[in-house]
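As structure tokens, the structure follows; a few thoughts come after it.
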Amino acid sequence: MVSRTTKERIAYWARKLECPVDENANYENTYWCNRDLIPIPEDRRTWTWQGFAGYWIITRANNSAWTAGSTLLALGLSVGQSMGVIVGASLIISMIAVVAGWMGSHDYLGFTVMSRASWGMLGGFWPVLNRIVTACIWMGIQTYWGGQAVKIVLVRTAHGAGTLINSPSTESGGTLSWNVVYGIQAVLGLWSGGIVGQSDWTRYAKTPNASLFGQGVTCPLTIIVTALCGLIITSATAQIYGQYFWNPFELLLHIQSVSMSPAARAGTFFSRLCFLASQMALCIVLNAISTGMDMAALYPRWINIRRGCSILTIIAVAICPWNYVKNVTTFITVLSGWSIFLSGMTGILIFDYFLVRKRQLHKADMYTSNSSSAYWYAFGFNFRAIIAWIMGVWPLLPGFIRRVRGVSNGNGWDHVYDLSYFFGFFVSGIIHWLLHVVFPTPKQTGANRDKHLFY
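Sequential numbering of the sequence shown, starting at 60, is according to our numbering.
See the structure below:
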């Protein structure tokens, strides 16, 4: 039997550890709401186009984009073909980012709350948990790379970009074509978590169009330039050292093993500082803060963005991230693996907002946990989203398993998996929309009259 004193102490610390609430706020911390989950009020919408441009530079000009370009060579593509894949993928990322961010810049709601509309008040935890898992792995990988902390610039020493630049592809015919497709979706998979959660950031936009320059120009341009640097330097290092280094951190270690001249020591030291700054910024902006937003949805009364960041950091180190980047094949498989689960969720989110809701939301119902909510559905779950997501995922699993086991031979399952991001996005999105057409729900469209909810 717990004593009265113990109960009072527990209640005291429970109140003490609750997330802070704004002064004179029209909301309170509940199981569904805190300061980080409400529609962003006007005085907190401060991001201009320069801020969003900086966001895309931080999240795209880093080792991930560098490595993505150079690892495409492992698929048998030439440098020119690899750059074509990068350009195509970056433009697709740009377009999806604009669409996925629209609900944030116009309705001021983030991914975590928007998931309640498409999946149900309880079902909405599923996509949030998926994105948290993805971010934990990426946080671990980026932290590991940040620990390596290097940036190597070799072109001059090689007296050019090296022979790889002009080398033809090592594959041909149908194999080459499918590898190009697989390469595009692998790059999409690299940023699938950031794409689906665009509204987490665009909800802070000062004007509805403030994010468009960053999404439409800075995003693809930064990816392309960074990946091109990775490809050129991979080629240059082969000219100098006689082998390819797809990861710049491995390149640094090799430089130190063959030369400890003053120039090499100075170069590697300052390179560490540059890459450390890049990785720290990336970990904070793209991984820590984004996941903090998601974790805030798990227990809003006691978890906010800052506390979620702390939890993420602990998990990221515990998962031993170095196992995911130990070789080229593993890295590519890891990249494309995100697409299986998140692409369908991205499709559901976008099709639900634009086609099912027609951009009309009952915002108050997104914080109501009973049958009066438009998003309660059946016991808090929207079976339409669940069915749609499963239909977009299960056909990809055989090809994914075969890829992980290294037994892919180009059969039908393998080719379906080569299309994983596009398959999941459109199959899940279209089925979700059609199920709402056939089985419509009360208050499927329409909006709350109170446009000043929570403020």
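Every residue gets a Cβ at the ideal spot worked out from N, C-alpha and C, and that includes glycine.
Decide if I449 is buried, meaning its Cβ has at least 16 other Cβ atoms within 10 Å, or exposed.
Residue mapping note: residue 449 aligns to position 390 of the sequence shown, counting from 1. Classification of I449: exposed, given that the 10 Å Cβ count is below 16.
Run the CB neighbour count on K422, radius 10 Å, all protein chains shown included, and call it buried at 16 or more, exposed below.
The residue you call residue 422 lines up with position 363 of the sequence shown. Per the 10 Å Cβ criterion, buried.
My assumption, with CB atoms under 8 Å, is that G396 sits in contact with G248. Please give the rounded CB distance.
In the sequence shown, residue 396 corresponds to position 337, counting from 1. In the sequence shown, residue 248 corresponds to position 189, counting from 1. Their Cβ separation, rounded to whole angstroms, is 7 Å, which keeps G396 and G248 in contact under 8 Å.
What are the start and end residues of the alpha helix (DSSP H) that includes V463?
To locate residue 463, count along the sequence shown from 1; it is residue 404. It spans L456 to R464 - the alpha helix (DSSP H) in which V463 sits, taken as one unbroken run.
Closest to W197 by CA distance: which of R461, I348, P499 and L408 is it?
Taking the sequence shown and counting its residues from 1, one reaches residue 197 at position 138. Checked all of R461, I348, P499 and L408; the closest Cα to W197 is I348.
I need the boundaries of the alpha helix (DSSP H) containing W125, first residue and last residue.
One-based indexing of the sequence shown puts residue 125 at position 66. Here the alpha helix (DSSP H) through W125 covers N122 to T130.
Going by DSSP in three states, W305 sits in which element: helix, strand or coil?
Taking the sequence shown and counting its residues from 1, one reaches residue 305 at position 246. Correct three-state label for W305: coil.
Would you list the residues sitting across from F442 in a DSSP beta bridge?
In the sequence shown, counting from the first residue as 1, residue 442 sits at position 383. None, per the DSSP bridge assignment.
Between G451 and G406, which are expected to be in contact by the criterion C-beta below 8 Å, what is the C-beta distance as a whole number of angstroms?
Residue 451 sits at position 392 when you count from the first residue of the sequence shown. Residue 406 sits at position 347 when you count from the first residue of the sequence shown. G451 to G406, Cβ: 7 Å. Contact.
Would you call the CB atoms of N363 and D95 closer than 8 Å?
Taking the first residue of the sequence shown as 1, we reach residue 363 at position 304. Taking the first residue of the sequence shown as 1, we reach residue 95 at position 36. Contact flag set, yes.
Alpha carbon to alpha carbon, what distance is there between F410 and T504?
On the sequence shown, position 445 is the one that residue 504 refers to. On the sequence shown, position 351 is the one that residue 410 refers to. Those two C-alpha atoms are separated by around 13 Å.
Can you tell me the Cβ-Cβ gap for V276 and Q140, rounded? I've got them flagged as a contact below 8 Å.
As a first step, residue 276 is located in the sequence shown; it is residue number 217 there, counting from the start. As a first step, residue 140 is located in the sequence shown; it is residue number 81 there, counting from the start. Contact doesn't hold; Cβ gap of about 24 Å is too wide.
DSSP three-state label for A84, please.
Position 25 of the sequence shown, counted from the first residue, corresponds to residue 84. Note: A84 maps to coil in three-state DSSP.
Considering only residues of the stretch 271-339, which uninterrupted alpha helix (DSSP H) runs meet the minimum length of 4 residues and lie entirely inside it, listed in chain order?
DSSP runs (the alpha helix (DSSP H)) wholly in the stretch 271-339: 278-300 and 307-317.
Counting beta carbon pairs with one atom in the stretch 177-194 and one in the stretch 263-279, are three or more of them shorter than 8 Å?
Output reads no: the stretch 177-194 does not touch the stretch 263-279.
DSSP three-state label for A264, please.
The residue given as residue 264 occupies position 205 in the sequence shown. Three-state DSSP puts A264 in a strand.
Determine whether the beta carbon atoms of G273 and F111 lie at a separation below 8 Å.
The residue you call residue 273 lines up with position 214 of the sequence shown. The residue you call residue 111 lines up with position 52 of the sequence shown. Contact flag set, yes.
Does the beta-carbon of L312 have 16 or more other beta-carbons within 10 angstroms, so that it is buried, or is it exposed?
What you label residue 312 is simply residue 253 of the sequence shown in a count that begins at 1. Exposed, by the Cβ-count rule.
Around the Cβ of L168, are there at least 16 other Cβ atoms within 10 angstroms (buried) or fewer (exposed)?
By one-based count along the sequence shown, residue 168 stands at place 109. So L168 ends up on the buried side.
Given a threshold of 16 other Cβ atoms within 10 Å of its Cβ, counted over all protein chains shown, does L290 qualify as buried or as exposed?
Looking up residue 290 in the sequence shown gives position 231. With 16 or more Cβ atoms within 10 Å of its Cβ, L290 is classed as buried.
For A437, which three-state DSSP category applies?
Start at 1 with the first residue of the sequence shown, and residue 437 comes out as number 378. Strand, per DSSP.
Who does W106 pair with in a DSSP beta bridge?
Here residue 106 refers to the residue found at position 47 of the sequence shown. A264, per the DSSP bridge assignment.
By how many angstroms is the C-alpha of T89 removed from the C-alpha of I200?
As a first step, residue 200 must be located in the sequence shown, where it is residue number 141. As a first step, residue 89 must be located in the sequence shown, where it is residue number 30. Straight-line Cα distance between these residues: approximately 34 Å.
Should N468 be labelled buried (16 or more other beta-carbon atoms within 10 Å of its own) or exposed?
Along the sequence shown, one-based indexing puts residue 468 at 409. N468 comes out exposed.
Can you grab the Cα-Cα spacing for the pair D353 / G232, in whole Å?
Here residue 353 refers to the residue found at position 294 of the sequence shown. Here residue 232 refers to the residue found at position 173 of the sequence shown. Those two C-alpha atoms are separated by around 44 Å.
Taking W472 as part of the alpha helix (DSSP H), name the residues at either end of that continuous run.
For the purposes of this step, residue 472 is taken as the residue at position 413 of the sequence shown. Run containing W472: G471 to D477, per the alpha helix (DSSP H) assignment.
To which residues of the same chain is T327 closer than 7 Å at the C-beta, ignoring the five residues directly before and after it?
Counted from its first residue, the sequence shown places residue 327 at position 268. So the list reads V209, L311, I314 and Q315, once near-sequence residues are dropped.
If you count every other CB in all the chains shown that lies within 10 Å of the CB of N441, and 16 or more means buried, which is it?
By 1-based counting over the sequence shown, the position of residue 441 is 382. Answer is buried; the Cβ neighbour count reaches 16.
What whole-angstrom Cβ distance do R360 and E77 have, given they're in contact under 8 Å?
If you number the sequence shown from 1, residue 360 lands on position 301. If you number the sequence shown from 1, residue 77 lands on position 18. Going by Cβ atoms, the distance from R360 to E77 rounds to 6 Å, so yes, they are a contact pair.
Give the range of the alpha helix (DSSP H) segment to which S432 is assigned.
Mapped onto the sequence shown, residue 432 falls at position 373. S432 -> no alpha helix (DSSP H), and no H or E assigned at all.
Taking the CB atoms as reference points, tell me whether S430 and W91 lie closer together than 8 Å.
As a first step, residue 430 is located in the sequence shown; it is residue number 371 there, counting from the start. As a first step, residue 91 is located in the sequence shown; it is residue number 32 there, counting from the start. Against a cut-off of 8 Å, the Cβ pair of W91 and S430 comes out as no contact.
Verify whether the separation of the beta carbon atoms of I152 and W250 is less than 8 Å.
The residue labelled residue 152 in the question sits at position 93 within the sequence shown. The residue labelled residue 250 in the question sits at position 191 within the sequence shown. Taking 8 Å as the Cβ cut-off, I152 and W250 qualify as a contacting pair.
Can you check whether the CB of Y114 is closer than 8 Å to the CB of W237?
Here residue 237 refers to the residue found at position 178 when the sequence shown is read from its first residue. Here residue 114 refers to the residue found at position 55 when the sequence shown is read from its first residue. No, Cβ-Cβ distance for W237 and Y114 is not below 8 Å.
Use the C-beta contact count for D471: other C-beta atoms within 10 angstroms, 16 or more gives buried, fewer gives exposed.
Along the sequence shown, read from residue 1 onward, the residue named residue 471 stands at position 412. Checking the displayed sequence, the identity of residue 471 turns out to be Gly instead of Asp. Exposed is the call here.
Do L131 and V144 have their C-beta atoms within less than 8 Å of each other?
As a first step, residue 131 must be located in the sequence shown, where it is residue number 72. As a first step, residue 144 must be located in the sequence shown, where it is residue number 85. In this structure, V144 lies closer than 8 Å to L131 by Cβ.
If I follow the unbroken alpha helix (DSSP H) through W72, where does it start and stop?
In the sequence shown, the residue the question calls residue 72 occupies position 13. Residues R63 to K75.
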